[in-house]
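Trainee: Attaching a single structure in structure tokens format; questions to follow.
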Amino acid sequence: MTPDTLIIIFLNGLVNGMLLFLIAAGLTLIFGVMGILNFAHGSFYMLGAYLTFALVVQGKLPLIFALIFAPIIVALVGGIIEVLCLRRIYQQDVSFQLLLTFAFGLIINDFVRLIWGSAPLTIPTPQLWRASIEILERTYPVYNLLIILIAPIVGISLWLLLTRTRFGKIIRASAQNRIMAGALGINVPRLFTVVFMLGTWLGGVAGVLAAPLRTINPALAEQVIIDSFIVSVIGGLGSLPGSLIGALMLGQINAFGILIAPRAQVAFPFILMAITLLIRPRGLFGKIQD
Amino acid sequence: MKINRPQTLVSIILVIVCLFPLILSPFYLILSTEIFLIAIFALSFNLLFGYTGLLSFGQGAYFATGAYVCAYLLKKSLPFIGAIIISIIIAFLVAAIFGYFSVRLNKIYFAMLTLALGMMVYTLIFQGRELTGGSDGITGIKITQIGIAGLNFDWQNFTHYYYLSLLVFLLSTYSIWRITHSPFGELLQASRENSQRLIFTGVNIRQLHWLAFTIAGVFAGLAGALWSPFQRVANPEIAHWTFSAMPVLMTILGGYRRFAGPIVGASLFLLLEHFVKANQRYFWQWLASLPILPAHLATRQLDLWNMGLGLLLIILILGFKEGILASFTKLSKIFSKN
Numbered sequence: 000m001t002p003d004t005l006i007i008i009f010l011n012g013l014v015n016g017m018l019l020f021l022i023a024a025g026l027t028l029i030f031g032v033m034g035i036l037n038f039a040h041g042s043f044y045m046l047g048a049y050l051t052f053a054l055v056v057q058g059k060l061p062l063i064f065a066l067i068f069a070p071i072i073v074a075l076v077g078g079i080i081e082v083l084c085l086r087r088i089y090q091q092d093v094s095f096q097l098l099l100t101f102a103f104g105l106i107i108n109d110f111v112r113l114i115w116g117s118a119p120l121t122i123p124t125p126q127l128w129r130a131s132i133e134i135l136e137r138t139y140p141v142y143n144l145l146i147i148l149i150a151p152i153v154g155i156s157l158w159l160l161l162t163r164t165r166f167g168k169i170i171r172a173s174a175q176n177r178i179m180a181g182a183l184g185i186n187v188p189r190l191f192t193v194v195f196m197l198g199t200w201l202g203g204v205a206g207v208l209a210a211p212l213r214t215i216n217p218a219l220a221e222q223v224i225i226d227s228f229i230v231s232v233i234g235g236l237g238s239l240p241g242s243l244i245g246a247l248m249l250g251q252i253n254a255f256g257i258l259i260a261p262r263a264q265v266a267f268p269f270i271l272m273a274i275t276l277l278i279r280p281r282g283l284f285g286k287i288q289d
Numbered sequence: 000m001k002i003n004r005p006q007t008l009v010s011i012i013l014v015i016v017c018l019f020p021l022i023l024s025p026f027y028l029i030l031s032t033e034i035f036l037i038a039i040f041a042l043s044f045n046l047l048f049g050y051t052g053l054l055s056f057g058q059g060a061y062f063a064t065g066a067y068v069c070a071y072l073l074k075k076s077l078p079f080i081g082a083i084i085i086s087i088i089i090a091f092l093v094a095a096i097f098g099y100f101s102v103r104l105n106k107i108y109f110a111m112l113t114l115a116l117g118m119m120v121y122t123l124i125f126q127g128r129e130l131t132g133g134s135d136g137i138t139g140i141k142i143t144q145i146g147i148a149g150l151n152f153d154w155q156n157f158t159h160y161y162y163l164s165l166l167v168f169l170l171s172t173y174s175i176w177r178i179t180h181s182p183f184g185e186l187l188q189a190s191r192e193n194s195q196r197l198i199f200t201g202v203n204i205r206q207l208h209w210l211a212f213t214i215a216g217v218f219a220g221l222a223g224a225l226w227s228p229f230q231r232v233a234n235p236e237i238a239h240w241t242f243s244a245m246p247v248l249m250t251i252l253g254g255y256r257r258f259a260g261p262i263v264g265a266s267l268f269l270l271l272e273h274f275v276k277a278n279q280r281y282f283w284q285w286l287a288s289l290p291i292l293p294a295h296l297a298t299r300q301l302d303l304w305n306m307g308l309g310l311l312l313i314i315l316i317l318g319f320k321e322g323i324l325a326s327f328t329k330l331s332k333i334f335s336k337n
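These protein sequence lines are chains A and B, in that order. Quick note on numbering: numbering that gives the first Met the number 0 labels position 187 of the first sequence as 186, and the sequence is numbered without any gaps. Quick note on numbering: numbering that gives the first Met the number 0 labels position 169 of the second sequence as 168, and the sequence is numbered without any gaps.
As structure tokens, this is what we get:
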């Protein structure tokens, strides 16, 4: 096990961790503010990836174009779902909110199969970023490093949005006490729509970034949703720094786990989740659950 | 007449169902057998959801455990009865372990965790090629001995298996009825309504929920153990969340607040599934004949089952979340007033 191999594995883990962070950030934002666990979140990620395929491979547009527009389309889909359906059931038991998002996940999953078929698709890495950098005698794609750069920028921007802007303050207020926020004149339903769109937008961004790296297939959603749940449990639902730490941890565990115990590796994330639930159920940064 | 209506209705249905093998074709006998087994599965789910208020997305894990253990043991030529008993015990253990972690959490985490655990079982089934056959599953299951001397049970005979499933279904339904209509069942419902108040009275909710979870797992495992010999195969899909979503949908369809809801939902759902799959060719042909849509749609063999499930679920949640049974009761009340 040479040092450069270890570095490559570490970088791969970092890339996956960063992608997972974006997905989990969206999930945790939606949950923290609206109290809804978006079971369809993996499907939005997958939709972002498929839209990237449509724009880049079918539409022959540059990846930058997809990076800007695909997440917006995903966010619009999220917004429509929120306004038409989710809004009606805020008063109801949380189980039905979960079931509704679950149902949307099912619909989106079959929708991508309907439009793009069930066969796996690939997107070639964009010409611009096909170069590789030399790291200790090994080459590593620049595109991957780009993800490691972009994801934290998105994360920091999100953090600044939440903590330093008035809009962010409104979001945090509604998260803490939606009734009081409404009493103060905040249009909470509209805010929820915006937050849901922001969350799904993040999922879409992750989908676009991941599209050239992974094979795009209808099972993408389920691959990612479990991991994002585990990240949220470890980091704490509703906490942005928690999702970052959790995602980075999970990325490295998956990367190095294959090295240590290839057959048992699939269970590692679950074991970590189980340990977290036993020792500190609210996660690293989460609030105490009722 | 009015007081006894549910009982007389159930008795009539029971008599008809016992006579099914005389009137139905083998195809519908098979469908009915599947309905019985899946109804047990759905009842086990509703023990957690309708009665305890715990939404579990991973009941398939225990169904699959029962199915795979039974299939594995049968391939090792164990008697049927022994295989079933061991399958139930192992499903019990798995449910006990998974349940221990799951019930410590509030509803949202619970749903998340049960989904994750279910998918973990799915992934493990894929990985464990030597034991589970990976993506192929365990195929060519045969029952070599039944395990009860002198019993003339031909497992390949659809009528015999039908009566076996019916028997197990009736016993399971009766057991779950007794469980839900006992003090334990009352406690479960109380924990659903106001768990904090229940804690104040001194009840250990965690243990209560753990026990309910384990019982649900046992019945799911029982259904699974009978399922794989019937299907002659144990495949990984039964651990996937889309399979675990079936009892969820069935229960909401039939009515999660009624005991018989899951049974009604399971019957309706499987009948609907059969109808849709048999006729989906015509649907695609009709679609292709519409002017705007391309003609090649007619040849599409795509099965949009998940989308249909999702749409049905949405319609139910937004409009009819009490389920079919509740709508029936409302309708019958309207008619009886006149």
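Ideal Cβ placement from N, Cα and C applies to all residues, glycine included.
Give the DSSP-derived three-state secondary structure of ARG4 of chain B in the structure shown.
Mentor: Correct three-state label for ARG4 of chain B: helix.
Trainee: Ends of the beta strand (DSSP E) at TYR139 of chain A?
Mentor: Per DSSP, TYR139 of chain A belongs to the beta strand (DSSP E) from 137-140.
Trainee: Can a CB atom of chain A be found closer than 8 angstroms to the CB of THR32 of chain B?
Mentor: Output row for THR32 of chain B: interface = no.
Trainee: Is it the case that the Cβ atoms of LEU247 of chain A and PHE30 of chain A are separated by a distance below 8 angstroms?
Mentor: No, the Cβ-Cβ distance between LEU247 of chain A and PHE30 of chain A is not below 8 angstroms.
Trainee: Under 8 angstroms between C-beta atoms, does PRO261 of chain B make it to chain A?
Mentor: No, no contact with chain A.
Trainee: Answer with buried or exposed for TYR44 of chain A, where buried requires no fewer than 16 other C-beta atoms within 10 angstroms of its C-beta.
Mentor: Result: buried.
Trainee: Assign TYR161 of chain B to buried or exposed, taking buried as 16 or more other Cβ atoms, counted over all protein chains shown, within 10 Å of its Cβ.
Mentor: Counting Cβ neighbours within 10 Å, TYR161 of chain B comes out buried, since at least 16 surround it.
Trainee: Along the segment 91-113 of chain B, what residues have a CB closer than 8 angstroms to any CB found in chain A?
Mentor: For the segment 91-113 of chain B, which is checked against every Cβ of chain A, the residues closer than 8 angstroms are PHE100, ARG103, LEU104, ASN105, LYS106, ILE107, TYR108, ALA110, MET111 and LEU112.
Trainee: Would you call the segment 241-259 of chain B in contact with the segment 76-94 of chain B, where contact means no fewer than 3 C-beta pairs closer than 8 angstroms?
Mentor: No, the segment 241-259 of chain B is not in contact with the segment 76-94 of chain B.
Trainee: When burial is assigned at 16 or more other CB atoms within 10 Å of the CB, is LYS320 of chain B buried or exposed?
Mentor: That one is buried.
Trainee: Would you call the CB atoms of LEU42 of chain B and SER171 of chain B closer than 8 angstroms?
Mentor: In this structure, SER171 of chain B lies closer than 8 angstroms to LEU42 of chain B by Cβ.
Trainee: Using a C-beta to C-beta distance shorter than 7 angstroms, which residues of chain B count as neighbours of ASN108 of chain A?
Mentor: Ordered by position in chain B, the residues that pass the 7 angstroms Cβ test against ASN108 of chain A are ASN305.
Trainee: Rounded to whole angstroms, what is the Cα-Cα separation between GLY202 of chain A and PHE40 of chain B?
Mentor: Each residue's Cα considered, the two are about 34 angstroms apart.
Trainee: Return the chain-ordered list of same chain residues with a C-beta closer than 8 angstroms to the C-beta of PHE166 of chain A, the five sequence neighbours on each side being excluded.
Mentor: Excluding positions up to five away in sequence, the list reads LEU160.
Trainee: Could you pull the start and end residues of the alpha helix (DSSP H) that PHE95 of chain A belongs to?
Mentor: Here the alpha helix (DSSP H) through PHE95 of chain A covers 93-115.
Trainee: Do we get a CB-CB distance below 8 angstroms when we pair ILE225 of chain A with the residues of chain B?
Mentor: Closer than 8 angstroms to some Cβ of chain B, the Cβ of ILE225 of chain A qualifies, so yes.
Trainee: Which residues, taken in chain order from the segment 69-85 of chain A, show a beta carbon closer than 7 angstroms to some beta carbon of chain B?
Mentor: Of all residues in the segment 69-85 of chain A, CYS84 have a Cβ within less than 7 angstroms of some Cβ in chain B.
Trainee: Can you list the residues of chain B that PHE20 of chain A reaches, using a CB-CB cut of under 8 angstroms?
Mentor: None at all; the shortest Cβ gap to chain B is about 18 angstroms.
Trainee: Answer with buried or exposed for LEU289 of chain B, where buried requires no fewer than 16 other C-beta atoms within 10 angstroms of its C-beta.
Mentor: The residue in question, LEU289 of chain B, is exposed, as its Cβ has fewer than 16 Cβ neighbours within 10 Å.
Trainee: In the DSSP assignment, find the unbroken alpha helix (DSSP H) run with ALA130 of chain A in it and report its ends.
Mentor: Per DSSP, ALA130 of chain A belongs to no alpha helix (DSSP H) and is neither H nor E.
Trainee: Go through its chain and collect everything with a Cβ distance to ILE29 of chain B's Cβ below 7 angstroms, but skip five positions before and after it.
Mentor: Taken in chain order, the residues that qualify are PHE157.
Trainee: Which bits of chain A does ALA115 of chain B rub up against, with CB to CB less than 8 angstroms?
Mentor: Chain A residues near ALA115 of chain B: ILE225, PHE228, ILE229, PHE269 and MET272.
Trainee: Using the Cβ count rule (16 or more neighbours within 10 Å means buried), how would you classify GLU192 of chain B?
Mentor: Result: exposed.
Trainee: So if DSSP puts LEU269 of chain B in a beta bridge, which residue, or which two residues, is it bridged to?
Mentor: Answer by DSSP bridge pairing: none, since LEU269 of chain B is not bridged.
Trainee: To test your reading of the DSSP string, which unbroken alpha helix (DSSP H) runs of 4 or more residues are found completely within the segment 71-129 of chain B?
Mentor: Here the runs fully enclosed are 79-101 and 106-126.
Trainee: Check each candidate in A:LEU212, A:ARG281, A:PHE64 and A:ALA23 and name the one with the smallest Cα separation from LEU243 of chain A.
Mentor: Of A:LEU212, A:ARG281, A:PHE64 and A:ALA23, the residue nearest in Cα terms is A:ALA23.
Trainee: For THR275 of chain A, does the count of other Cβ atoms within 10 angstroms reach 16, so buried, or fall short, so exposed?
Mentor: By the 10 Å Cβ count, THR275 of chain A comes out buried.
Trainee: State the beta-bridge partners of THR138 of chain B as determined by DSSP.
Mentor: Per DSSP, B:VAL232.
Trainee: Going straight from the alpha carbon of PRO119 of chain A to that of ALA218 of chain A, what length do you get?
Mentor: So the alpha carbons of these two residues sit roughly 9 angstroms apart.
Trainee: If contacts are defined as beta-carbon pairs under 8 angstroms, then ALA338 of chain B and ILE124 of chain B qualify, I think. What distance do you get, rounded to the angstrom?
Mentor: Given a span of 0 to 337 for chain B in the structure shown, any question on residue 338 of chain B remains unanswerable.
Trainee: Looking at the C-beta of SER94 of chain A, does it have a partner C-beta in chain B at a distance below 8 angstroms?
Mentor: So yes, SER94 of chain A belongs to the interface.
Trainee: So, does the CB of TRP154 of chain B fall closer than 8 angstroms to a CB anywhere in chain A?
Mentor: No, no contact with chain A.
Trainee: Are the beta-carbon atoms belonging to GLY237 of chain A and THR27 of chain A less than 8 angstroms from one another?
Mentor: In this structure, THR27 of chain A lies closer than 8 angstroms to GLY237 of chain A by Cβ.
Trainee: State the DSSP-derived secondary structure class of LEU212 of chain A, mapped to helix, strand or coil.
Mentor: It is coil, neither helix nor strand.
Trainee: Using C-beta distances below 6 angstroms, list every residue in its chain close to SER194 of chain B, excluding the 5 sequence neighbours before and after it, in chain order.
Mentor: So the list reads ILE204, once near-sequence residues are dropped.
Trainee: Please confirm if PRO188 of chain A has its CB atom under 8 angstroms from at least one CB of chain B.
Mentor: With 8 angstroms as the cut-off, PRO188 of chain A does not count as an interface residue toward chain B.
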